[in-house]
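Worksheet for the structure shown next.
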């Protein structure tokens, strides 16, 4: 039993990030509100950022900025944390911000068109506007209906 | 529907935790990603090769400069998409 607890303690960071990712994933799947879906996607992304940053951590290590770099006293025995995941995550944060911006712009367009950001209301309004967009037509496939 | 979503989410989380057993412990200095020759090379040589004390900056702007250039293309595309979506139609 203590063996299991040791494993959990040594890797507790992964448990936290998996929990965070589950919260975001659930919000993406189960929520009907489109803004809440975007918030879920952001929580999911944050969990992955934290996972990478925690992988780069070293006990007793300092930030990867060289001590005494520009002519100061050179400290050779300093432990630096791993800089490579930090760089990867800087790129990933940019992509996350971009996708969030496009998603929110799309939601604004949907709101202007249908007057709601609730999935149920949007689908109902769409069925009213296009009667062929019925349950039967939806089963046949949305793309087929769009072509008619 | 919510039960199904919860089921999918819990299964995914359980799979990830099961797979995560092999990952190095938190703060482990012997983790493969830290002991990799590439990481050690960057820590030792990035100041000489790029002249930047911050290793993350050296990696982002020097070693991976083309990747950062592509990143700006991503931001540009996102900005264009937002502008096209939110532009008022003149009809």
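Protein chains in written order, with our numbering: chain A, 7 to 154; chain B, 2 to 92. Cβ coordinates follow ideal geometry from the N, Cα and C atoms, glycine included.
Where residue i falls, given that 16 or more other Cβ within 10 Å makes a residue buried
i                      : result
residue 46 of chain B  : exposed
residue 81 of chain B  : exposed
residue 77 of chain B  : exposed
residue 135 of chain A : exposed
residue 53 of chain A  : buried
residue 127 of chain A : exposed
residue 40 of chain B  : buried
residue 72 of chain B  : buried
residue 44 of chain B  : buried
residue 87 of chain A  : buried
residue 33 of chain A  : buried
residue 49 of chain B  : exposed
residue 8 of chain B   : exposed
residue 155 of chain A : Examination of residue 155 of chain A is not possible in this model, given that chain A is present from 7 through 154 alone.
residue 66 of chain B  : exposed
For residue i, the residue or residues it bridges with in DSSP
i                     : result
residue 68 of chain A : A:86
residue 48 of chain A : Its beta-bridge partners do not exist; DSSP assigns none.
residue 55 of chain B : A:71
residue 39 of chain A : A:124
Proximity of residue i and residue j at Cβ, strictly below 8 angstroms
i                      : j                      : result
residue 1 of chain B   : residue 44 of chain A  : In the structure as shown, chain B starts at 2 and stops at 92, and residue 1 of chain B therefore has no counterpart that could be examined.
residue 10 of chain B  : residue 73 of chain A  : no
residue 35 of chain B  : residue 84 of chain A  : no
residue 95 of chain A  : residue 40 of chain A  : no
residue 124 of chain A : residue 38 of chain A  : yes
residue 28 of chain B  : residue 24 of chain A  : no
residue 68 of chain B  : residue 105 of chain A : no
residue 83 of chain B  : residue 111 of chain A : yes
residue 16 of chain A  : residue 26 of chain B  : yes
residue 61 of chain B  : residue 20 of chain A  : no
residue 58 of chain A  : residue 89 of chain A  : no
7 angstroms Cβ cut-off: residues of chain A touching residue i
i                     : result
residue 35 of chain B : 64, 88
residue 65 of chain B : 93
Listed by chain order, chain B residues near residue i by CB distance under 9 angstroms
i                     : result
residue 59 of chain A : The contacting residues do not exist; residue 59 of chain A stays about 11 angstroms from chain B at best.
Heavy atom of the ligand FAD within 7 angstroms of residue i beta-carbon
i                     : result
residue 91 of chain A : The ligand content of the structure shown is nil, which means the ligand FAD is not present either.
Neighbouring residues, chain B, relative to residue i (Cβ below 8 angstroms)
i                      : result
residue 111 of chain A : 82, 83, 86, 87
residue 96 of chain A  : 57, 61
residue 127 of chain A : By Cβ distance, chain B contributes nothing, its closest Cβ being about 17 angstroms from residue 127 of chain A, past 8 angstroms.
Interface residues of chain B facing residue i [CB-CB closer than 7 angstroms]
i                     : result
residue 31 of chain A : 10, 13
Start-end ranges of the beta strand (DSSP E) lying completely within the region 98 to 139 of chain A, minimum 3 residues: If only uninterrupted beta strand (DSSP E) runs of at least 3 residues are considered, none is enclosed by the region 98 to 139 of chain A.
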